[in-house]
Amino acid sequence: MSRVEIKTSCTRDCPNTCGLVATVADGRLVKLAGDPCHPLTKGVACHKTAKYIHRVYSPERIVHPMLKEGGRWRQASWDEVFDLIADRLKITVAESGPEAILYYQGNGERTALKLLNKYFFNLMGGVTTMRGSLCGGAGQGAQELDLGKRISHDPLDHGNSRSIILWARNPVSTNISLVPLVRTIKKRGGTVIVIDPVRSRSAALGDRHIAPTPGGDGYLAMAAAKLILAAGAEDREFLFTYSVGFEAYQAILNRFSVEELCSLAGVSVMDATFLADTLVREKPTATLLGWGVHRYEHAHYSIRPIDALGALSGNIGVAGGGVSQGFEEYAPYDQTYWGDELNPPRRTFLHPKLGEEILGATNPPIRMIYVTSGNPVCMAPHSCKVRQAFGRAEFMVYSGHFMDDTASLADVFLPATTFLEENDIVAGYGHNFVGAVNQVIPPVGECLSEFHMFHALAERFPFAGRFQRPVDAWLQDICAPLWAQGTSLEAVREGAFRMDAPMVPYADKTFPTESGKFQFMTEFDPMEQIVSDRRYPYKLLTIAPHSFICSERTMAEHSALPSVTMHAQEAERNGVQDGMVVSVSSSVGEVRARLKVDASMRRDVVIAERGGWAKAGHGLNQLTRDIPSLVGQGTPFYDTSVAIGPVYEKSARILVVRERDLSPEGTFCKELERQGAMLVTLRPDGGDPLPETLSDFDGLVVFGGPEQIQNGCSKGYLDPLMRLMRECDAAGKPVAGIRHGCHLLALAHGGSVKALDEPEFGFSQPRRTELGRVDSVVGGTGPVPELMGYHCDSFDLPSGASLLMEGASGDKQCFKVGQCSYGFEFHPGADSSIVMHWIELFRQDESIREGRFRMRYDDAFFEALMTRLPLLLADSEAFCRHMVQKWLESVVSV
Ligand code: SF4
Numbered sequence: 001m002s003r004v005e006i007k008t009s010c011t012r013d014c015p016n017t018c019g020l021v022a023t024v025a026d027g028r029l030v031k032l033a034g035d036p037c038h039p040l041t042k043g044v045a046c047h048k049t050a051k052y053i054h055r056v057y058s059p060e061r062i063v064h065p066m067l068k069e070g071g072r073w074r075q076a077s078w079d080e081v082f083d084l085i086a087d088r089l090k091i092t093v094a095e096s097g098p099e100a101i102l103y104y105q106g107n108g109e110r111t112a113l114k115l116l117n118k119y120f121f122n123l124m125g126g127v128t129t130m131r132g133s134l135c136g137g138a139g140q141g142a143q144e145l146d147l148g149k150r151i152s153h154d155p156l157d158h159g160n161s162r163s164i165i166l167w168a169r170n171p172v173s174t175n176i177s178l179v180p181l182v183r184t185i186k187k188r189g190g191t192v193i194v195i196d197p198v199r200s201r202s203a204a205l206g207d208r209h210i211a212p213t214p215g216g217d218g219y220l221a222m223a224a225a226k227l228i229l230a231a232g233a234e235d236r237e238f239l240f241t242y243s244v245g246f247e248a249y250q251a252i253l254n255r256f257s258v259e260e261l262c263s264l265a266g267v268s269v270m271d272a273t274f275l276a277d278t279l280v281r282e283k284p285t286a287t288l289l290g291w292g293v294h295r296y297e298h299a300h301y302s303i304r305p306i307d308a309l310g311a312l313s314g315n316i317g318v319a320g321g322g323v324s325q326g327f328e329e330y331a332p333y334d335q336t337y338w339g340d341e342l343n344p345p346r347r348t349f350l351h352p353k354l355g356e357e358i359l360g361a362t363n364p365p366i367r368m369i370y371v372t373s374g375n376p377v378c379m380a381p382h383s384c385k386v387r388q389a390f391g392r393a394e395f396m397v398y399s400g401h402f403m404d405d406t407a408s409l410a411d412v413f414l415p416a417t418t419f420l421e422e423n424d425i426v427a428g429y430g431h432n433f434v435g436a437v438n439q440v441i442p443p444v445g446e447c448l449s450e451f452h453m454f455h456a457l458a459e460r461f462p463f464a465g466r467f468q469r470p471v472d473a474w475l476q477d478i479c480a481p482l483w484a485q486g487t488s489l490e491a492v493r494e495g496a497f498r499m500d501a502p503m504v505p506y507a508d509k510t511f512p513t514e515s516g517k518f519q520f521m522t523e524f525d526p527m528e529q530i531v532s533d534r535r536y537p538y539k540l541l542t543i544a545p546h547s548f549i550c551s552e553r554t555m556a557e558h559s560a561l562p563s564v565t566m567h568a569q570e571a572e573r574n575g576v577q578d579g580m581v582v583s584v585s586s587s588v589g590e591v592r593a594r595l596k597v598d599a600s601m602r603r604d605v606v607i608a609e610r611g612g613w614a615k616a617g618h619g620l621n622q623l624t625r626d627i628p629s630l631v632g633q634g635t636p637f638y639d640t641s642v643a644i645g646p647v648y649e650k651s652a653r654i655l656v657v658r659e660r661d662l663s664p665e666g667t668f669c670k671e672l673e674r675q676g677a678m679l680v681t682l683r684p685d686g687g688d689p690l691p692e693t694l695s696d697f698d699g700l701v702v703f704g705g706p707e708q709i710q711n712g713c714s715k716g717y718l719d720p721l722m723r724l725m726r727e728c729d730a731a732g733k734p735v736a737g738i739r740h741g742c743h744l745l746a747l748a749h750g751g752s753v754k755a756l757d758e759p760e761f762g763f764s765q766p767r768r769t770e771l772g773r774v775d776s777v778v779g780g781t782g783p784v785p786e787l788m789g790y791h792c793d794s795f796d797l798p799s800g801a802s803l804l805m806e807g808a809s810g811d812k813q814c815f816k817v818g819q820c821s822y823g824f825e826f827h828p829g830a831d832s833s834i835v836m837h838w839i840e841l842f843r844q845d846e847s848i849r850e851g852r853f854r855m856r857y858d859d860a861f862f863e864a865l866m867t868r869l870p871l872l873l874a875d876s877e878a879f880c881r882h883m884v885q886k887w888l889e890s891v892v893s894v
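Numbered by full-length UniProt numbering, the letters in the sequence shown go through residues 1 to 894 in order.
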């Protein structure tokens with residue numbers, strides 16, 4: 001077995017931009033870990049890194065070019081899709097001008113070669129592009145007002161800090177290389193303060209966690225400033241020599257008492273005092289702003305007072321101090337390669353108002369959308385409007401990895417390589433190092449890097465000669481500013497290079513502002529912030545997930561519903577309880593979620609993790625409004641006011657009986673939950689006793705059970721279970737028997753089960769019988785998609801049962817018996833994790849049982865199956881979700 005280790009850099013949307021070591025065995029990536037030689041990563045990358053291997057090889061990943069025709073996807077050749085895209089680009093430009101095309105360049109990857117994506121569109125004549133930010137725009141904008149240019153302390157400078165304030169930053173989940181730096185300060189006896197309305201995982205790092213009201217951070221900073229001034233502990237030299245506007249800022253402070261400010265911030269005076277004391281007594285103090293503090297319309301009213309606090313406490317321009325927000329990830333490149341100078345200025349749309357901008361565009365309207373490295377239909381605010389806007393475009397191209405909310409709307413899916421399959425250079429927004437992206441494995445399937453995609457497209461345009469050059473030739477030119485700093489492409493490929501950036505910005509106390517000095521905020525109108533709507537009393541804080549980067553997930557990885565957390569007493573006040581399906585509504589939308597209660601959190605917030613897809617029942621941006629921040633054109637995600645309420649007066653209670661890991665519930669039960677059902681799952685093979693009666697339940701779902709149960713099998717709980725199935729039906733309560741549960745249902749009603757001569761595995765397309773076409777659960781007139789089956793047995797119908805679906809060879813796929821009992825021979829819950837689990841069993845298990853399958857299904861069968869799997873799953877899941885909804889309606893209507 002060949003085994004090699006290759007150094008590379010992570011390019012995901014994460015401030016760490018870690019150096020990584022990838023281990024490749026026989027051409028396959030088997031391990032991904034932090035590079036011990038990287039000065040910041042120091043061998044420790046986040047837990048999401050190891051998981052990324054599964055993402056690279058995920059069965060849901062689209063690895064062939066796809067075209068949508070008649071609403072259905074089909075595989076296509078690269079030439080076919082490039083020809084089509086080039087034609088559509090040319091036609092649109094000829095008929096409506098280049099601005100009728102929107103190029104949406106997401107932040108999923110921000111590497112050197114990504115400059116060329118926009119360069120391509122600029123060579124084409126310039127198209128509509130985006131401005132503003134879905135993330136830190138407000139923070140950057142506010143800091144530019146105070147400091148002239150946002151420049152952060154090098155993270156290695158925190159080694160000089162005696163104390164540190166993590167202000168809305170959660171490094172444990174989103175900035176892992178910061179954690180050891182924070183711990184070192186603590187070990188030295190320094191103080192760590194975590195300020196965040198949410199008690200994040202990083203709160204445990206702190207000596208004190210201060211939880212201000214959302215958007216109230218500025219008041220806290222002002223309160224601490226007043227306390228420092230009252231103690232006469234301000235840095236008078238800085239104030240009077242290196243700053244302007246202090247008197248005006250002091251006048252703002254004088255409009256409030258400390259108590260008033262703390263009350264407005266929603267914190268105690270003790271909290272503000274602790275903060276002020278730390279800043280004065282444990283200098284230098286590093287203040288690190290997180291991305292949460294930016295997510296407000298008036299974010300500048302928080303960030304500017306925090307900057308001011310740093311300034312008047314004497315922490316600006318000193319080693320170990322500073323108020324650091326982030327780094328410019330495109331700084332090391334020659335920006336002319338965006339190509340913006342090639343055309344007169346072209347139209348741009350505001351990121352925070354994406355849907356509105358597209359819908360409102362005239363002269364020309366948007367006819368074509370091209371998306372790379374982003375999932376705006378999920379991640380942009382007011383996502384229903386974004387969906388509507390994207391749906392209105394005549395033609396849409398999506399380059400990415402998975403069939404997410406945005407990709408689902410596209411006409412062409414371009415399967416892109418991950419950073420592990422390409423060569424590039426990357427800088428980050430969390431530090432000053434540049435690293436090489438070194439190809440670790442060959443592209444999976446037919447995936448292409450966006451670099452190669454745009455080269456192939458350029459071939460179809462007259463400017464091909466200006467665009468088509470090898471990767472290294474482009475990197476040499478784009479990164480010329482880096483080489484001027486004394487490194488080379490070869491050297492960066494060997495190890496990370498620290499750019500020429502200050503360890504301690506503004507150390508000479510000069511600032512690139514108009515005055516050349518630090519500029520205090522001189523205007524403050526808190527009344528602007530007070531917009532309360534009593535119908536929506538809680539702020540929804542959609543925080544960064546701990547286990548995912550933004551919307552990087554698969555369908556199978558989604559829980560049935562997003563989880564929202566609120567204070568226990570607020571839950572009670574709203575008539576909802578822990579575990580309930582609740583409605584989360586705002587002025588622009590409504591989403592269902594599973595409620596968690598927490599008695600230790602703030603009472604004015606509801607907390608959820610962002611990034612879940614709407615098509616998987618999540619999509620919290622259906623609730624957020626599309627307004628820009630007043631400074632910096634950021635997106636005020638956290639200015640989303642919501643109400644929480646019950647969805648159902650009474651949820652259907654469904655008993656789910658399953659056996660063994662071979663019969664997981666998958667999509668079937670997720671959909672039941674999304675529709676509001678309360679599920680109680682029992683594993684009788686694991687010792688769970690079955691109930692005597694089903695009087696506490698409204699329906700019964702039986703998965704699995706032993707194979708080859710055959711007629712007359714009397715394994716322990718099977719007879720009582722079949723009795724429950726009969727009694728449930730007799731009481732008019734619906735039953736679903738799935739796979740072996742289908743066989744049990746047949747047996748329970750007097751049918752019989754028999755072993756098949758040949759085992760069945762894979763997707764096949766059943767058809768509805770005449771009775772099936774008019775059935776309330778599986779009925780319909782269109783074709784049934786291919787559905788997943790895996791079994792060694794079949795069954796004879798019980799007397800009086802109706803066959804609803806059958807396979808091509810006449811095999812029974814679905815029947816109805818009694819009043820409302822359905823047997824499904826296929827697995828209506830099969831998702832990618834279930835199918836892959838079964839495939840792995842075949843590949844690894846040498847037992848006689850699986851051996852029978854292996855004799856029938858060889859490697860070529862599985863390879864062909866894997867090629868088609870993403871689309872097979874998408875079609876079958878959509879069909880089965882609809883079917884589950886109909887089955888549940890029969891429960892509710894009983
Ligand atoms: S996601 Fe972030 S922390 Fe994790 S490996 Fe990538 S850069 Fe590092």
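Quick reminder that beta carbons are idealized off the backbone N, C-alpha and C, glycines included.
Query raised in the report: Along the chain, which unbroken stretches of the beta strand (DSSP E) at least 3 residues long are found entirely within the segment 329 to 383?
Result: 348 to 350 and 368 to 372
Query - Contact test: Arg-169 Cβ vs the ligand SF4 heavy atom, cutoff 7 Å - result: Translated into positions along the sequence shown, residue 169 becomes position 169. Checking the Cβ of Arg-169 against the ligand SF4 gives no.
Query raised in the report: Distance, Cα to Cα, Leu-115 vs Gln-335?
Result: Position 115 of the sequence shown holds residue 115. Position 335 of the sequence shown holds residue 335. Going from the Cα of Leu-115 to the Cα of Gln-335 covers about 8 Å.
Query raised in the report: Rounded C-beta distance between Pro-284 and Gly-310? I'm assuming under 8 Å.
Result: As a first step, residue 284 is located in the sequence shown; it is residue number 284 there, counting from the start. As a first step, residue 310 is located in the sequence shown; it is residue number 310 there, counting from the start. Not quite, the Cβ-Cβ distance comes to about 10 Å (not below 8 Å), so this is no contact.
Requested in this report: Leaving out five residues on either side along the sequence, give the residues of the same chain with a beta carbon under 8 Å from the beta carbon of Ile-848.
Outcome: In the sequence shown, the residue the question calls residue 848 occupies position 848. Low confidence applies to Ile-848: its pLDDT is 48, below 50, so where it sits in the model is not reliable, and the reading given next is rough at best. For Ile-848, where only same-chain residues beyond five positions count, there are no Cβ hits under 8 Å.
Query raised in the report: Does the Cβ-Cβ distance between Pro-212 and Leu-205 come in under 8 Å?
Result: Numbered from its first residue, the sequence shown carries residue 212 at position 212. Numbered from its first residue, the sequence shown carries residue 205 at position 205. No. Outside cutoff.
Query - Runs of alpha helix (DSSP H) wholly within the segment 748 to 779 (minimum 4 residues, chain order) - result: 770 to 773
Requested in this report: Flag this pair as yes or no: are the beta carbons of Leu-113 and Val-440 separated by less than 8 Å?
Outcome: By one-based count along the sequence shown, residue 113 stands at place 113. By one-based count along the sequence shown, residue 440 stands at place 440. Not in contact: Leu-113 and Val-440 (Cβ atoms no closer than 8 Å).
**Report entry** Cα-Cα separation, Ser-408 to Gly-619
**Finding:** Start at 1 with the first residue of the sequence shown, and residue 408 comes out as number 408. Start at 1 with the first residue of the sequence shown, and residue 619 comes out as number 619. For Ser-408 and Gly-619, the distance between alpha carbons rounds to 14 Å.
Query raised in the report: Which residue or residues does DSSP assign as beta-bridge partners of His-791?
Result: As a first step, residue 791 must be located in the sequence shown, where it is residue number 791. According to DSSP, which records beta bridges pairwise, His-791 is partnered with Glu-760.
**Report entry** Simplified DSSP state of residue 982, which is helix, strand or coil
**Finding:** Look at the range of the chain in this structure, 1 to 894, and you will see that residue 982 is not part of it.
Query raised in the report: Would you say Cys-18 touches the ligand SF4, meaning its beta carbon is less than 7 Å from a heavy atom?
Result: The count along the sequence shown starts at 1 and reaches residue 18 at position 18. Yes, since a heavy atom of the ligand SF4 falls inside the 7 Å radius drawn around the Cβ of Cys-18.
**Report entry** Per DSSP, the bridge partner or partners of Gln-105
**Finding:** On the sequence shown, residue 105 is found 105 positions in, with the first residue counted as 1. In DSSP, Gln-105 forms a bridge with Thr-372.
Query raised in the report: Should Gln-577 go down as buried or exposed, given a rule of 16 or more other Cβ atoms within 10 Å for buried?
Result: What you label residue 577 is simply residue 577 of the sequence shown in a count that begins at 1. Exposed is the call here.
**Report entry** Outcome for His-837 when other beta-carbon atoms lying within 10 angstroms are tallied against a minimum of 16
**Finding:** As a working mapping, residue 837 is identified with position 837 in the sequence shown. Exposed is the call here.
Query raised in the report: With respect to 7 Å, is the separation between the Cβ of Thr-418 and the closest non-hydrogen atom of the ligand SF4 below this value?
Result: Reading the sequence shown from its first residue, position 418 is the one you call residue 418. False, no ligand heavy atom lies under 7 Å from that Cβ.
Report task. Tell me whether Ser-58 is buried or exposed, calling it buried when 16 or more other Cβ atoms sit within 10 Å of its Cβ. Result -> Here residue 58 refers to the residue found at position 58 of the sequence shown. Buried, since its Cβ has 16 or more Cβ neighbours within 10 Å.
Query raised in the report: Alpha carbon to alpha carbon, what distance is there between Leu-655 and Cys-378?
Result: In the sequence shown, the residue the question calls residue 378 occupies position 378. In the sequence shown, the residue the question calls residue 655 occupies position 655. If I take the Cα positions, the gap works out to 33 Å.
Query raised in the report: In the structure shown, what three-state DSSP assignment does Tyr-119 receive?
Result: Against the sequence shown, residue 119 aligns to sequence position 119. Note: Tyr-119 maps to helix in three-state DSSP.
**Report entry** Residues that Asp-796 bridges to, as DSSP identifies them
**Finding:** Taking the sequence shown and counting its residues from 1, one reaches residue 796 at position 796. BP columns for Asp-796 point to Ser-752.
Query raised in the report: Would you call the segment 493 to 508 and the segment 445 to 461 touching, i.e. three or more CB-CB distances under 8 Å?
Result: no
Query raised in the report: At which residues does the beta strand (DSSP E) containing Val-605 begin and terminate?
Result: Here residue 605 refers to the residue found at position 605 of the sequence shown. Taken as a continuous stretch (DSSP letters only), the beta strand (DSSP E) holding Val-605 covers 605 to 609.
Query raised in the report: Quick one: does the C-beta of Cys-14 sit closer than 7 Å to a heavy atom of the ligand SF4?
Result: Start at 1 with the first residue of the sequence shown, and residue 14 comes out as number 14. Yes, Cβ of Cys-14 sits closer than 7 Å to a heavy atom of the ligand SF4.
Requested in this report: With DSSP as the reference, label Phe-327 as helix, strand or coil.
Outcome: Your numbering for residue 327 matches position 327 in the sequence shown. The answer is coil: DSSP assigns Phe-327 none of H, G, I, E or B.
Query raised in the report: When you compare each of Met-555, Glu-806 and Pro-759 to Asp-793 by their alpha carbons, which one comes out closest?
Result: Translated into the one-based positions of the sequence shown, residue 793 becomes position 793. Of the listed residues, the one whose Cα sits closest to Asp-793 is Pro-759.
**Report entry** Run of the alpha helix (DSSP H) containing Ala-568, from where it starts to where it stops
**Finding:** If you number the sequence shown from 1, residue 568 lands on position 568. 568 to 573 is the extent of the alpha helix (DSSP H) around Ala-568.
**Report entry** Cα-Cα separation between Ser-890 and Gly-215, rounded to whole angstroms
**Finding:** Residue 890 sits at position 890 when you count from the first residue of the sequence shown. Residue 215 sits at position 215 when you count from the first residue of the sequence shown. Whole-angstrom Cα-Cα distance: 46 Å.
Query raised in the report: Assuming Pro-545 and Arg-610 make a contact with CB atoms under 8 Å, what is their CB distance in whole Å?
Result: As a first step, residue 545 must be located in the sequence shown, where it is residue number 545. As a first step, residue 610 must be located in the sequence shown, where it is residue number 610. Correct: roughly 7 Å between the Cβ atoms.
Query raised in the report: Alpha carbon to alpha carbon, how far is Arg-392 from Pro-352?
Result: Within the sequence shown, the letter at position 392 stands for residue 392. Within the sequence shown, the letter at position 352 stands for residue 352. Roughly 19 Å between the two C-alpha positions.
Query - Completely contained alpha helix (DSSP H) runs for the segment 147 to 208, where each covers 4 or more residues - result: 171 to 174 and 178 to 187
Query raised in the report: Is it the case that the CB of Ile-176 approaches a heavy atom of the ligand SF4 more closely than 7 Å?
Result: Mapped onto the sequence shown, residue 176 falls at position 176. Yes, Cβ of Ile-176 sits closer than 7 Å to a heavy atom of the ligand SF4.
Query raised in the report: Looking at C-alpha atoms only, which residue of Thr-362, Gly-159 and Phe-548 is the closest neighbour of Val-172?
Result: Within the sequence shown, numbered from 1, the residue matching residue 172 stands at position 172. It is Phe-548.
Report task. Would you check whether the ligand SF4 has a heavy atom nearer than 7 Å to the C-beta of Ile-654? Result -> The sequence position of residue 654 within the sequence shown is 654, counting from 1. Ile-654: no, Cβ never under 7 Å from the ligand SF4.
Query raised in the report: Do His-431 and Leu-40 have their C-beta atoms within less than 8 Å of each other?
Result: Sequence index remark: in the sequence shown, residue 431 carries index 431 (1-based). Sequence index remark: in the sequence shown, residue 40 carries index 40 (1-based). Yes, the pair counts as a contact, with Cβ atoms nearer than the cut-off.
Query raised in the report: Going by the CB atoms, is the gap between Ala-22 and Leu-420 shorter than 8 Å?
Result: Reading the sequence shown from its first residue, position 420 is the one you call residue 420. Reading the sequence shown from its first residue, position 22 is the one you call residue 22. Yes. Within cutoff.
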